[in-house]
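Participant: Input: one structure, supplied below.
2 protein chains.
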Amino acid sequence: MSVELLAVVGLPEIGAGDDLGGLIADRAAPLRPGDVLVVAQKVVSKAEGRLRRLAEVTVTERARELAGRLQADPRMVQVVLDESVRVIRDDRVLIVETRHGYICANAGVDRSNVPGDGTVCLLPDDCDRSAAQLRDRIAAASGVAVGVIVSDTFGRPWRMGLCNVALGIAGMPSAVDYRGQADDFGMPLHATVVAVADEIAAASGLIMGKTSRIPAVVVRGLALEGRGGAGRDLVRPSSLDLFR
Amino acid sequence: MSVELLAVVGLPEIGAGDDLGGLIADRAAPLRPGDVLVVAQKVVSKAEGRLRRLAEVTVTERARELAGRLQADPRMVQVVLDESVRVIRDDRVLIVETRHGYICANAGVDRSNVPGDGTVCLLPDDCDRSAAQLRDRIAAASGVAVGVIVSDTFGRPWRMGLCNVALGIAGMPSAVDYRGQADDFGMPLHATVVAVADEIAAASGLIMGKTSRIPAVVVRGLALEGRGGAGRDLVRPSSLDLFR
Chain H
7 MSVELLAVVG
17 LPEIGAGDDL
27 GGLIADRAAP
37 LRPGDVLVVA
47 QKVVSKAEGR
57 LRRLAEVTVT
67 ERARELAGRL
77 QADPRMVQVV
87 LDESVRVIRD
97 DRVLIVETRH
107 GYICANAGVD
117 RSNVPGDGTV
127 CLLPDDCDRS
137 AAQLRDRIAA
147 ASGVAVGVIV
157 SDTFGRPWRM
167 GLCNVALGIA
177 GMPSAVDYRG
187 QADDFGMPLH
197 ATVVAVADEI
207 AAASGLIMGK
217 TSRIPAVVVR
227 GLALEGRGGA
237 GRDLVRPSSL
247 DLFR
Chain X
7 MSVELLAVVG
17 LPEIGAGDDL
27 GGLIADRAAP
37 LRPGDVLVVA
47 QKVVSKAEGR
57 LRRLAEVTVT
67 ERARELAGRL
77 QADPRMVQVV
87 LDESVRVIRD
97 DRVLIVETRH
107 GYICANAGVD
117 RSNVPGDGTV
127 CLLPDDCDRS
137 AAQLRDRIAA
147 ASGVAVGVIV
157 SDTFGRPWRM
167 GLCNVALGIA
177 GMPSAVDYRG
187 QADDFGMPLH
197 ATVVAVADEI
207 AAASGLIMGK
217 TSRIPAVVVR
227 GLALEGRGGA
237 GRDLVRPSSL
247 DLFR
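Written out as structure tokens, the structure reads:
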């Protein structure tokens with residue numbers, strides 16, 4: 007068994023309203039049934055116009071206070087608060103729960119690889135919807151219904167460094183559930199639900215890098231069963247989270 | 007750019023003292039310079055004899071009390087405590103800090119895929135040393151000095167499902183540091199250190215599955231720079247951890 011990770015190269019700079027799915031389909035051809043396409047959140051957000059100009063942000067007192075403590079730009083902090091439902095930590099960086107339920111630094115708001123001084127990029131409004139729309143568009147353009155993951159790079163507690171994770175998912179499973187299956191000695195496996203979409207997203211990070219202008223990766227050779235996965239499946243409800 | 011994940015197939019059941027590196031080198035041939043070999047912790051532990059028979063465990067009062075609350079086998083709880091320096095959570099599962107500094111359920115102690123009723127498998131004593139020994143043995147057997155990752159499947163806070171992570175690393179970097187590099191618009195990238203070894207481990211999880219007897223995966227086509235990485239680099243020191 008083997009799996010291939012293939013860079014989608016030659017994408018132009020993406021702007022609001024661009025047909026990202028069509029642009030990817032053209033450059034990823036020929037796609038095959040069973041392929042999973044991982045697309046970086048940044049280009050999805052750009053295509054969806056999920057940008058804010060810091061000059062147009064009205065800073066609240068709370069953002070000003072937090073920014074002073076964190077030595078950050080108060081306008082940036084305000085944008086982060088606007089994208090958040092709750093601040094989890096504000097010691098050294100702003101770790102928040104976003105409106106989607108993701109827990110991450112700065113609500114995924116990011117200045118890097120965004121054209122125009124003073125513009126920041128937000129996460130898509132609904133990453134599962136973004137993934138589904140990309141999937142539809144790619145199917146229309148290529149004739150192939152691939153799985154789609156919208157991915158971003160998040161930090162983790164307990165471990166150093168960032169990893170790509172799956173924020174939005176369409177046309178594929180989010181996880182593989184081994185519970186109840188037997189191990190190689192016939193004993194039942196316990197508590198083994200593998201976040202396969204996060205593993206695929208992490209794998210795509212090996213190709214995407216941060217500076218090499220490869221915002222889309224084709225993952226080929228997976229034998230995934232099921233199509234009904236969603237990025238929200240991988241967000242641990244706070245009732246099941248021992249650390250929230 | 008492309009990366010391949012190749013299953014190493016045909017490994018026999020591994021027992022204490024087996025030449026795991028040699029067995030893998032034979033079946034992964036021909037290896038190439040730049041390849042990374044990801045090996046499941048379970049077979050590494052088996053080769054190193056890191057097993058305990060529950061019948062020989064002396065249960066302390068603390069283990070008995072915890073086991074009662076968690077409805078778990080007191081002997082299993084005792085083994086977990088023996089491998090741990092600290093219990094982080096004992097609400098529903100036992101999440102501990104292991105002697106290595108890993109934070110995970112049950113200290114990585116596991117009954118699945120272990121032959122012999124009542125035997126459990128422990129993490130290697132020093133996963134970086136295990137990786138280095140495997141690397142040396144594979145180099146001797148194959149003539150190729152590959153990177154090696156010893157990987158296990160850990161849960162994460164905030165996100166559902168498990169992902170493979172890199173516990174031991176040899177002959178390759180643990181992370182790629184993009185700080186100070188410019189983004190595609192010439193602006194400096196902030197706070198971007200990617201845990202490349204964890205991304206590689208997660209990718210290998212796509213091949214390993216849990217029941218398919220593929221405990222080793224070759225990752226080919228990465229262009230990694232540096233050889234001095236260690237699994238301990240990816241363990242976040244508690245002073246830098248906002249969640250410990």
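These protein sequences, in sequence, are chains H and X. The number in the numbering used here is simply the position in the first sequence, starting from 1, with 6 added. The number in the numbering used here is simply the position in the second sequence, starting from 1, with 6 added. Just so you know, even glycine gets a beta-carbon here, dropped at the ideal spot from N, CA and C.
Compute the Euclidean distance between the alpha carbons of H/R38 and X/I206, then round it to the nearest angstrom.
Facilitator: 24 Å
Participant: Among H/D204, H/T104, H/V156 and H/A146, which one has its Cα closest to the Cα of H/E54?
Facilitator: If we check each option's Cα against that of H/E54, H/V156 comes out closest.
Participant: Of all Cβ atoms in chain H, is any one closer than 8 Å to the Cβ of X/V29?
Facilitator: Just to set this straight, residue 29 of chain X is Leu in the shown sequence, not Val. By this cut-off, X/L29 is not an interface position.
Participant: Return the CA-CA distance between H/R81 and H/D116, expressed in angstroms with no decimal places.
Facilitator: 13 Å
Participant: Unbroken beta strand (DSSP E) runs of length 3 or more, entirely within the stretch 98–164 of chain X: which are they?
Facilitator: 101–104, 109–111, 125–127 and 153–161
Participant: Express the C-alpha separation of X/V225 and H/D158 in angstroms, rounding to a whole number.
Facilitator: 22 Å
Participant: Going straight from the alpha carbon of X/L26 to that of X/V49, what length do you get?
Facilitator: 8 Å
Participant: Measuring only the C-alpha atoms, how far is H/R33 from H/S210?
Facilitator: 17 Å
Participant: Would a C-beta distance cut-off of 8 Å place X/I144 and X/G235 closer than the cut-off?
Facilitator: no
Participant: Along the chain, where does the beta strand (DSSP E) containing X/S90 start, and where does it finish?
Facilitator: S90 to R95
Participant: Any beta-carbon of chain X closer than 8 Å to the one on H/I20?
Facilitator: Cβ-Cβ to chain X under 8 Å: no for H/I20.
Participant: What residue from H/D96, H/V85, H/A151 and H/T64 has the CA that sits closest to H/L72's CA?
Facilitator: In this structure, H/D96 is the residue among H/D96, H/V85, H/A151 and H/T64 with its C-alpha nearest to the C-alpha of H/L72.
Participant: Could you confirm whether any beta carbon from chain X is found closer than 8 Å to the beta carbon of H/D239?
Facilitator: Output row for H/D239: interface = yes.
Participant: Evaluate X/R165 with the Cβ neighbour count: other Cβ atoms within 10 Å of its Cβ, from every protein chain shown; 16 or more gives buried, anything less gives exposed.
Facilitator: buried
Participant: Please report the residue range of the alpha helix (DSSP H) in which H/A67 lies.
Facilitator: According to the sequence displayed, residue 67 of chain H carries Glu and not Ala. Its alpha helix (DSSP H) spans residues E67 to L76.
Participant: Looking at chain X, is there any beta carbon in it that lies within less than 8 Å of the beta carbon of H/D204?
Facilitator: yes
Participant: Does the beta carbon of X/M7 sit closer than 8 Å to a beta carbon anywhere in chain H?
Facilitator: yes
Participant: Using alpha carbons as the reference points, say which of X/A208, X/A201 and X/R162 lies closest to H/V241.
Facilitator: X/R162
Participant: Going by DSSP, name the residue or residues bridged to X/S8.
Facilitator: H/L12
Participant: Using a Cβ-Cβ cut-off of less than 9 Å, list which residues of the stretch 117–132 of chain X approach chain H; keep chain order.
Facilitator: R117, S118, N119, V120, P121, G122 and D123
Participant: Sorted by chain position, which residues of the same chain lie with C-beta nearer than 8 Å to H/T104's C-beta, five sequence neighbours on each side aside?
Facilitator: Closer than 8 Å at the Cβ level, and outside the excluded window around H/T104, lie E89, S90, V91, C110, A113, G114 and L129.
Participant: Could you list which residues in chain H have their beta carbon closer than 7 Å to that of X/A137, in chain order?
Facilitator: None at all; the shortest Cβ gap to chain H is about 17 Å.
Participant: Flag this pair as yes or no: are the beta carbons of H/R141 and H/V152 separated by less than 8 Å?
Facilitator: yes
Participant: Compare the C-beta of X/L228 with all C-beta atoms of chain H and state if any pair is closer than 8 Å.
Facilitator: yes
Participant: Taking 8 Å as the cut-off, decide whether the C-beta atoms of H/V44 and H/A201 are in contact.
Facilitator: no
Participant: Excluding the five sequence neighbours on either side, which residues of its own chain have a C-beta within less than 8 Å of the C-beta of X/D132, listed in chain order?
Facilitator: H106 and G174
Participant: Below 8 Å on C-beta distance, what does H/T198 contact in chain X?
Facilitator: Here the neighbours are S118, T159, L168 and K216.
Participant: Report the neighbours of H/A181 on chain X: residues whose CB is nearer than 8 Å to its CB, in chain order.
Facilitator: M166 and G167
Participant: Buried or exposed: where does H/T198 fall if 16 or more other Cβ atoms within 10 Å of its Cβ makes it buried?
Facilitator: buried
Participant: Please state whether DSSP places H/A35 in a helix, a strand or coil.
Facilitator: Three-state result, H/A35: coil.
Participant: Quick check on this structure: which residue in X/S118, X/V102 and X/G74 has the alpha carbon closest to the alpha carbon of X/L87?
Facilitator: Looking at X/S118, X/V102 and X/G74, the one whose alpha-carbon comes closest to that of X/L87 is X/V102.
Participant: H/A13 and X/M7 - do their beta-carbons sit closer together than 8 Å?
Facilitator: yes
Participant: Name the DSSP bridge partner or partners of H/A61?
Facilitator: The partner list for H/A61 (beta bridge, DSSP) is empty, contrary to what the question assumes.
Participant: Since H/I213 meets chain X, which of its residues come closer than 8 Å, beta carbon to beta carbon?
Facilitator: The contacting residues are M7, S8 and V9.
Participant: Report the rounded CA-to-CA distance for X/Q47 versus X/A138, giving the unit in angstroms.
Facilitator: 14 Å
Participant: Which residue comes first and which comes last in the beta strand (DSSP E) that contains X/I175?
Facilitator: Annotation: the continuous beta strand (DSSP E) that includes X/I175 extends over L168 to A176.
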